[in-house]
Amino acid sequence: MNAKFSVHRFAAVCAAALVIFTGCQKKEESAPSAPTSVTAAPALVSAEKNSFNEVTAKLDKGGNFYLYLSTEQTLSNLSSYLAAGSNLVSAMPNIPSEGRQMVDKVFRVLGVVIQESGISQISGLGMSSIAREPGLYYNKMVVHHYAGQGEGLAWSLLGKSAHPLKVLDLLPESTVLASSSDLDLPLLWTSIQHAVQSADVPDATSALEEAPAKFKAVTGLDLDATLHSLAGEYAVILTLDQHKTVTLPLGVTTVEIPSPGLCLVFKVNSDLIFDRVDQLLTGNPLLSKVDEPNLKMRTVSIPIPIPVDVRPSLARVGDYLLLASSDNMVREIVAVKSGQKKGFKSSDEFKKLSQGVSQRGQ
107 MNAKFSVHRF
117 AAVCAAALVI
127 FTGCQKKEES
137 APSAPTSVTA
147 APALVSAEKN
157 SFNEVTAKLD
167 KGGNFYLYLS
177 TEQTLSNLSS
187 YLAAGSNLVS
197 AMPNIPSEGR
207 QMVDKVFRVL
217 GVVIQESGIS
227 QISGLGMSSI
237 AREPGLYYNK
247 MVVHHYAGQG
257 EGLAWSLLGK
267 SAHPLKVLDL
277 LPESTVLASS
287 SDLDLPLLWT
297 SIQHAVQSAD
307 VPDATSALEE
317 APAKFKAVTG
327 LDLDATLHSL
337 AGEYAVILTL
347 DQHKTVTLPL
357 GVTTVEIPSP
367 GLCLVFKVNS
377 DLIFDRVDQL
387 LTGNPLLSKV
397 DEPNLKMRTV
407 SIPIPIPVDV
417 RPSLARVGDY
427 LLLASSDNMV
437 REIVAVKSGQ
447 KKGFKSSDEF
457 KKLSQGVSQR
467 GQ
């Protein structure tokens, strides 16, 4: 018995209806009243400063979901709340000295996190969802800070400025899922070190100090150099090729699915990671090498017969380091990037889905 499997796009559909019934009774022998003019009540203006206009200007009105939440009154006073909590705990009787010291360290670390994270500068949150067509929803989420207040880890860790989404130029036509994000790993590592040092916990500090040596012992690479070899952009690409099917056993039957492919994308500044992996794989009889002008790739064959196209491959393509499920997927990405093959970006589906959507990180 053989079951066919195909990919469909599912979307939840929400609908609500509110019906108000009104009625009136006719009074006998009453003269019709003259029409009266109605004066509109003046619009209320918030007595507290908020970022409603700034946030909602980026949201879509008239959809099935719309939300604005002002946070500046709460988050701007986080440090004060934390200090009050610390004083309250310190005033509690019968707390052992060791416990009191630990509580003080916790509050101190939280204070550092609040100060350096920048979350106290968040003035408001907004979300909206509107149907672009039946079953297809355009969702937005906005986190806002006022001009001149975008300092701290929260505003720098995931990218400091908008830039073109170059990963779109890598997507094969068979892409069913793609996600891209900025992440400043050197900044994250520095922030973790600072937070641990502020906690003044000897075991944690010692473990953190030993981390670079342990990383080098396992990988043969310097931790700081490795982190700085990464350019801060990452993506994941999942494909399902409808033109190729894979038959998988499912109990007493089988199921056919489109041939899957998976690729992790890292933007890099150098060949540091690629060269180290190449060095470690030297002499492996299952290794195959490709050294072309626009592609360097190392592929390891799996000597186990499996129905899925799996040959782990590490490739350097332009500014990107690719870790893919097969060399075929790498080849397809290279062909799309060079314009030799049609990609998802040029498909009718992408053009429809991306209408009105910026192709720059926001």
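No gaps in the numbering here: position 165 of the sequence shown is 271 in this note's numbering, and each next residue is one more.
Note that the Cβ used here is the ideal one computed from N, Cα and C, for glycine as well.
- Approximately 4 Å separates the beta-carbon atoms of Pro-318 and Leu-329; this is inside 8 Å, confirming the contact.
- In the structure shown, Met-198 falls within a coil segment according to DSSP collapsed to helix, strand and coil.
- In this structure, Asp-306 lies near Lys-211, with their beta-carbon atoms less than 9 Å apart.
- Membership of Phe-380 in the alpha helix (DSSP H) is indicated by the continuous run 378-387.
- Here DSSP, grouped into helix, strand and coil, assigns Arg-417 to coil.
- A Cβ-Cβ distance of about 7 Å is found for the pair Ser-176 and Ser-157, placing them in contact under the 8 Å criterion.
- In this structure, the straight-line span from the alpha carbon of Val-219 to that of Lys-448 is close to 46 Å.
- Between Val-248 and Lys-164 a beta carbon distance of about 5 Å is seen, short of the 8 Å cut, so the two are scored as contacting.
- If you check the CB distance, Ala-310 and Asp-425 do not come in under 9 Å.
- Here the alpha carbon of Ser-285 sits roughly 24 Å from the alpha carbon of Val-161.
- Under the three-pair Cβ rule at 8 Å, the stretch 447-467 does not count as touching the stretch 392-404.
- For the set Asn-170, Gln-299 and Lys-322, the Cα lying nearest the Cα of Ser-312 is the one of Gln-299.
- Assignment of Ala-253 by DSSP, reduced to helix, strand and coil, places it in the coil class.
- Between the C-alpha atoms of Ala-421 and Val-436 there is a straight-line separation of about 7 Å.
- In the three-state reduction of the DSSP assignment, Gly-217 falls in the helix class, which pools H, G and I.
- For Val-282, the enclosing beta strand (DSSP E) stretches over residues 281-288.
- Nearest to Met-208 by C-alpha distance, out of Ser-304, Ser-185 and Tyr-243, is Ser-304.
- As computed with DSSP, Gly-367 is found in a beta bridge with Thr-345.
- Between the stretch 406-419 and the stretch 233-241, the count of C-beta pairs closer than 8 Å stays below three; the two stretches do not touch.
- Rounded to whole angstroms, the separation of the alpha carbons of Pro-270 and Leu-276 is 13 Å.
- Using a C-beta cut-off of 8 Å, the stretch 229-236 makes contact with the stretch 245-264, since at least three inter-stretch Cβ pairs fall below that distance.
- In its chain, beyond the 5 residues on either side, no residue has a beta carbon closer than 8 Å to the beta carbon of Thr-180.
- The C-beta distance from Val-442 to Val-371 rounds to 13 Å, too long to meet the 8 Å contact threshold.
- When secondary structure is reduced to three states using DSSP, Lys-373 falls in the strand class.
- Our two residues, Ser-262 and Gly-389, have alpha carbons roughly 42 Å apart in a direct line.
- Secondary structure of Pro-292 (DSSP, three-state): helix.
- Note on geometry: alpha-carbon atoms of Glu-339 and Asp-288 lie some 4 Å from one another.
- Here Leu-346 is near Ser-280, since their CB atoms are less than 9 Å apart.
- As for any beta strand (DSSP E) of minimum length 3 sitting wholly inside the stretch 314-338, there is none.
- Within the DSSP bridge table, the entry for Met-247 names Met-233 as partners.
- Residue pairing from DSSP places Asp-397 in a beta bridge opposite Lys-402.
- Proximity to Ser-335 across Glu-362, Asn-375 and Leu-392 peaks at Asn-375, based on C-alpha coordinates.
- Where Leu-175 is concerned, the enclosing beta strand (DSSP E) starts and stops at 171-176.
- Annotated as proximal: Arg-404 and Ser-394, with beta-carbon spacing under 9 Å.
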